[in-house]
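So the structure is just underneath, and the comments pick up after that.
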Amino acid sequence: MALLEIRNLAVEFATARGRFRAVDGVDVTIDEGEILCVVGESGSGKSVSMLAVMGLIAWPGRVTADVMRFAGTDLLGLPSRQRRKLVGKDMAMVFQEPMSSLNPCYPVGWQIAEALRAHNAVAKPKVRDRVVELLDQVGIPAPASRMGAFPHQLSGGMNQRVMIAMAIACNPRLLIADEPTTALDVTIQKQILDLLISLQKQGGMALALITHDMGVVAETAQRVQVMYAGQMVEEQLTDSLFSAPRHPYTAALLDALPERAMGRARLPTIPGVVPGIDDRPSGCLFNPRCRFVQERCLTTPPQLEGPAGARARCHTPLDAAGQPTGVAA
Amino acid sequence: MLRFLLRRVTLIIPTFVGVTFLSFMLIHLVPGDPIEVRVGEHGIAPERLAQLRHEFGLDQPLWQQFLTYEVQLAHGDLGVSVVTRDTVWNEFTTLFPATVELAVCAIIFAMVVGLPLGVIAAVRRGSAFDYGLMGLSVTGASMPIFWWGLMVILVFSVSLGWTPVSGRISDIYFVEPWSGFMLVDCWFADEAGACASAWGHLILPMIVLGTIPLATIARMTRSSMLEVLNEDYIRTARAKGLSVPRVVVVHALRNALIPVVTVIGLSVSSLLGGAILTETIFSWPGVGHWLVESIQRRDYPVLQGGTLLVAVLVILVNLGVDVTYSFLNPRIRR
Ligand SMILES: Nc1ncnc2c1ncn2[C@@H]1O[C@H](COP(=O)(O)OP(=O)(O)O)[C@@H](O)[C@H]1O
Ligand SMILES: [Mg+2]
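Quick mapping for you: the protein sequence lines, in order, are chains A and B. The first sequence lines up with residues 1 to 329 when you count with our numbering. The second sequence lines up with residues 1001 to 1334 when you count with our numbering.
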């Protein structure tokens, strides 16, 4: 049985111009101990869908789903008190902005200890030792003396390590990392990523890694989900995704990788931007930017189709040669 | 920290000169002098008047009077009341506890009521409670104190007869003025009746003086909380699985308090202004009441010395606010 199973997730926000579906029809399945990557441009709903998993979409945002199960527990009908017992303990999250994600008023050691105390993870007198151990585990030098530091006294990379220590404090079964390296220097990015992977291996926890870096995906993930404009447009095993993407958006993302553009004068880009609140087209949401756009793409929204675990939301999914299928000649 | 304190303290000196100059000039612009006011309509012989004026140095040119006063101040002498012949310092220290008692109770009242109201309004933003409270707080903040004081007296003292209208305690009680704070003295006197009487006298002026700070604190807390509740670290706190009250109080309020404390501190100076009006309306025997009377009596030394002492107080309070601020906000601590 999957650790996390979500079917047809939707998140709606009330905006000045009416309700806005930031996430629509997303399925997520994560197995115990697995690494799943979620990719897509900014604004495609990656963060919002994972926040919904954590139960962190604040009112007046509204989350709906057909199925939402975590480790055998149905999250949909779960009272918030019960939900809070899972969140921070069995599922934890690391955010994109380490500098602003820690409370500026409290020392970092205190903030990690709070996570332990909230779930009675260790006996009271052992809290301090456990905090030192965690700081050490995430590679913070002189951990005992860093406990009293305030977030503004540490670098972004150090703060992100603190965030990770806080997230793994209660040995979660699922760790969600939302672009954990985007805000950091390039040199630090690799270290943080390696840290996450090694913690995942040691602890045997599942890792959902949100990123928009295809290079990272290739190196780390077993499975990939591609999101676009709030929808999941493709899911595949990493190897087959890279060798034979089925959705034109995935193909375009891969073409934009520098490694794949060797020998060309100019890096191909995807023209246009992710449609926002009021410029969503009818039919397929990707149609204004798609190379293979057809008549029906403009009118009929495509469904997720294909073999389980390798579905794509496209009327004319690409074949192994990168050509659209099912197009009337 | 020490250098910062020193710099702030040295700033007091020019403020002193400015304050004494202004209060000196303003009171001398008012027609009549202490002697004339005291003799009233009966009048006395012109020779006697001249002699008394000479005695108090009132016959000298203004600039010379001012200089004499400044020199006297520089020796740490605030002078003697023209009316009571008691030293200004003595009178001030006797009356000051009454003002402090009123002001402290008013600000505590404002915080105890205003902070939770602001927090609840922020957490339930857009609700009827939120709109109602914000409407009320605009009204509260713009209420003229003298009108509000009179209305409160009219309703609670005159119509309902619940509380007395003036003074600090009923005449039938005598409590040893041990600390000068009536509530404390009554507590130690161990007389339930005296305590009740002291509270009864305090409650209306406390509410009247506390109304404006209450409204300001509620509004500030609300807007500050709204800002903080959107911060990333609040999301982190919720991601730990903490309860809502813990997120709101421990994580949000602690940060939201930083600007609110500044506002509370800065409102202390306007609180002293309000205390003067409140003390006058409720005949509260404090420094404000004393200053207003000194104007009527043209008691120059009292008015000037009293104003000066109040100014020093405002400066010290603002200094205290800055220090508190640096403790609340680790980012500016060194
Ligand atoms: N609280 C909110 N209220 C309204 N719209 C929101 C809110 N949070 C996110 N959105 C919108 O949802 C969409 C998806 O955002 P997000 O999940 O953050 O994208 P990303 O894939 O970059 O993480 C964006 O268009 C964003 O503007
Ligand atoms: Mg995001």
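Heads up, the beta-carbon is just placed ideally off N, CA and C, and yes, glycines get one too. Predicted model, so just to flag it, every value in this text is computed and none were measured.
Considering Cα atoms alone, identify which of the options is closest to residue i.
i	options	result
B:L1133	B:Y1325, B:Q1051 and B:G1114	B:G1114
A:D90	A:N159, A:D66, A:L4 and A:P281	A:L4
B:E1091	B:G1161, B:G1306, B:N1329 and B:I1203	B:G1306
B:P1031	B:R1168, B:V1138, B:F1156 and B:R1298	B:R1298
A:I270	A:Y249, A:A121 and A:A321	A:Y249
A:F20	A:T181, A:G55, A:P60 and A:L241	A:P60
A:P180	A:G283, A:M93 and A:P288	A:M93
A:G45	A:Q231, A:A320, A:A244 and A:F286	A:Q231
A:S282	A:I140, A:R296 and A:G272	A:R296
B:L1002	B:L1319, B:L1328 and B:P1330	B:L1319
B:L1242	A:A16, A:Q82 and A:G72	A:Q82
A:P330	A:L267, A:A58 and A:M163	The question about residue 330 of chain A has no answer, for chain A in this structure spans 1 to 329.
A:L241	A:V26, A:A165, A:A229 and A:M214	A:M214
A:E219	A:V131, A:Q96, A:F286 and A:L237	A:L237
A:R289	A:A251, A:R266, A:P258 and A:A308	A:A251
B:T1362	B:G1140, B:W1199 and B:E1231	Outside the displayed span of chain B (1001 to 1334) sits residue 1362 of chain B, for which this structure offers no information.
B:V1088	B:N1329, B:Q1296 and B:V1287	B:V1287
What in chain A is Cβ-close to residue i, meaning under 9 Å?
i	result
B:R1238	M54, G55, L56, A58, R84, V87 and G88
B:R1124	Ordered by position in chain A, no residue passes the 9 Å Cβ test against B:R1124, which lies about 10 Å from the chain.
B:S1243	R81, R84 and A118
At the level of alpha carbons, what is the spacing between residue i and residue j?
i	j	result
A:L134	A:C105	21 Å
B:Y1173	B:W1187	13 Å
B:H1075	A:V127	60 Å
A:V11	A:V63	5 Å
B:S1197	B:L1102	15 Å
B:V1263	B:F1181	26 Å
A:S101	A:G43	20 Å
B:V1152	B:W1162	11 Å
B:L1095	B:A1106	17 Å
B:S1170	B:A1275	21 Å
B:L1117	B:A1110	10 Å
A:A115	A:C170	8 Å
A:K201	A:T182	22 Å
B:S1023	B:N1255	40 Å
B:S1223	B:P1213	15 Å
A:V186	A:L196	16 Å
A:V274	A:A113	40 Å
B:D1033	B:M1220	45 Å
B:P1061	B:H1054	12 Å
A:V26	A:H247	16 Å
A:Q96	B:R1238	16 Å
B:P1301	B:M1025	13 Å
A:V23	A:G276	12 Å
B:R1168	B:A1098	8 Å
Going along chain A, which residues have a C-beta under 8 Å from residue i?
i	result
B:P1330	P104, C105, F150 and H152
B:N1255	N103, P104 and C105
What residues from chain B crowd round residue i, counting only those whose CB sits closer than 7 Å?
i	result
A:S44	The contacting residues do not exist; A:S44 stays about 19 Å from chain B at best.
A:A115	K1240
Give me, in chain order, the residues of the same chain whose beta-carbon lies closer than 6 Å to that of residue i; leave out the 5 immediate sequence neighbours on both sides.
i	result
B:R1334	Because the pLDDT of B:R1334 is 48, which lies under 50, any placement of that residue in the model is unreliable, and the number read from its coordinates should be weighed accordingly. Excluding residues within five positions, none has a Cβ falling inside 6 Å.
A:V216	none
A:L209	C37 and A177
B:Y1131	none
A:A320	A244
Between residue i and the rest of its own chain, which residues show a CB-CB distance below 7 Å, the 5 nearest in sequence each way excluded?
i	result
A:T316	F292, Q294, P324, T325, G326 and V327
B:V1248	V1119 and V1123
A:R69	E5 and L75
B:A1252	M1225, V1228, L1229 and I1234
B:S1267	P1213 and T1216
Counting only the same chain and skipping the five closest in sequence on each side, list residues whose C-beta sits under 8 Å from that of residue i.
i	result
B:I1057	One detail in the question is off: residue 1057 of chain B reads as Gly in this sequence, not Ile. So the list reads Q1065 and T1068, once near-sequence residues are dropped.
B:T1084	E1091
A:R311	E234, E235, L304 and E305
B:V1019	T1307, L1308 and A1311
B:L1209	L1102, A1103, A1106, I1145, L1271, G1274, A1275 and T1278
A:P268	A252, D255, A256 and A261
B:T1324	V1261 and G1265
Could you name the residues of chain B that residue i contacts, counting a contact when the two beta carbons are closer than 9 Å?
i	result
A:F95	D1232, R1235, T1236 and A1239
For residue i, go through chain A and note every residue whose CB falls closer than 7 Å to its CB, in chain order.
i	result
B:H1251	N103
Whose Cβ in chain B lies nearer than 8 Å to the Cβ of residue i?
i	result
A:S406	Examination of residue 406 of chain A is not possible in this model, given that chain A is present from 1 through 329 alone.
Give, in chain order, every residue of the segment 186-200 of chain A whose Cβ lies closer than 9 Å to some Cβ of chain B. Going along the segment 186-200 of chain A in chain order, one finds no residue with a Cβ nearer than 9 Å to chain B.
Taking a cut of 8 Å between CB atoms, which residues from the segment 232-244 of chain A lie near chain B? Along the segment 232-244 of chain A, none of the residues has a CB nearer than 8 Å to a CB of chain B.
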